[in-house]
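Asker: Position 60 of the sequence shown, counted from 1, bears residue number 92 in the numbering used here, the numbering being contiguous throughout. Pasting a structure below so you can have a look.
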Amino acid sequence: MKLTSAQAAKLLKKLNDDFTAIISREEKSHTFNAAMGEDPDTVRPEYDYAQTQNELSLLEAKIRKLKHAVNVFNATHKVPGYDMTVDEMLIYIPQLSRKKEKLADMRAKLPKARVEFVRNTSIIDYTYTNYDIKAADADYQAVSDELSKAQLALDAFNGTETFEFEI
Numbered sequence: 033m034k035l036t037s038a039q040a041a042k043l044l045k046k047l048n049d050d051f052t053a054i055i056s057r058e059e060k061s062h063t064f065n066a067a068m069g070e071d072p073d074t075v076r077p078e079y080d081y082a083q084t085q086n087e088l089s090l091l092e093a094k095i096r097k098l099k100h101a102v103n104v105f106n107a108t109h110k111v112p113g114y115d116m117t118v119d120e121m122l123i124y125i126p127q128l129s130r131k132k133e134k135l136a137d138m139r140a141k142l143p144k145a146r147v148e149f150v151r152n153t154s155i156i157d158y159t160y161t162n163y164d165i166k167a168a169d170a171d172y173q174a175v176s177d178e179l180s181k182a183q184l185a186l187d188a189f190n191g192t193e194t195f196e197f198e199i
C-alpha cells in the first residue's frame with residue numbers, strides 16, 4: 033500500500049488507539065472479584081489470554097513496521113526547496129521555533145528598564161539591553177518567515193510524497 037507521511041501518521045494513531053483499547057479491555061477483564069458464596073463463573077468476564085496476547089503482538093509488529101518505514105522515508109527523502117531530509121527538517125523546525133521565541137523576548141525589551149524596587153534602599157537599578165533591539169526585531173521577522181516557509185514545505189511534502197508500506 034502506498035502512503036503519504038500524513039496518512040502514515042493517521043494509521044499509526046489508529047494502531048496505537050487499537051493497542052490501547054485492547055490493553056484497557058485486558059486490564060478490566062484479566063482479573064475479577066466475586067463475593068464470598070457467589071459462583072465465580074456467573075460473574076467471570078470474557079477474556080482469552082492467548083488471543084489477547086496474539087492481538088497485542090500483531091499490533092506491535094505493525095506499529096514497529098510502520099514506524100520503521102516512516103523513519104527510513106524521513107531519513108532518505110529531501111524536502112523540495114531545502115537541502116535537508118525530512119528528519120533534518122523535523123529538527124530544524126523546533127530549532128527555528130526556539131530561536132523565534134528567544135527573539136520575541138529580545139525584541140520586546142526596552143533599551144533601559146527599571147529593575148523591581150528593592151526595599152530598604154534608595155538606589156534605583158536599571159537593566160540595559162546590550163544589543164540592537166531593531167536588529168533583534170528584524171531577525172525575529174526573518175526567522176518567523178523562515179519557520180512558516182519550512183512548515184509549509186514540510187506539510188506539502190508530507191501530504192503528497194508517498195512510500196510503500198505492507199501491513
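We put the CB at the ideal spot given by N, CA and C, even for glycine. Values in this document were obtained by computation on a predicted structure and should not be read as measured data.
#1: What separation, rounded to the nearest whole angstrom, lies between the Cα atoms of threonine 36 and alanine 53?
#2: Out of Ala140, Arg76 and Gly113, point me to the one whose CA is closest to aspartate 187's CA.
#3: Which two residues bound the contiguous alpha helix (DSSP H) that contains threonine 192?
#4: Are the CB atoms of leucine 47 and leucine 91 within a distance shorter than 9 angstroms?
#5: Among Tyr81, Phe64, Leu98 and Asp169, which residue has its Cα nearest to the Cα of threonine 74?
#6: Assign phenylalanine 195 to one of three DSSP states: helix, strand, or coil.
#7: Quick one: which unbroken alpha helix (DSSP H) runs of 4-plus residues sit fully inside the region 110 to 139? Chain order, please.
#8: If you reduce the DSSP assignment to three classes, tell me which class lysine 99 lands in.
#9: Let me know if asparagine 162 comes out buried or exposed under the rule of 16 or more other beta-carbons within 10 Å of its beta-carbon.
#10: Can you give, in chain order, each stretch of the alpha helix (DSSP H) that sits fully within the region 37 to 108 and has at least 4 residues?
#11: How many Å lie between proline 72 and alanine 66 at the Cα?
#12: Please report the residue range of the beta strand (DSSP E) in which arginine 146 lies.
Answerer: Short version:
#1: 26 angstroms
#2: Gly113
#3: 165 to 192
#4: yes
#5: Phe64
#6: strand
#7: 118 to 139
#8: helix
#9: exposed
#10: 37 to 61, 72 to 75 and 81 to 108
#11: 6 angstroms
#12: 144 to 146
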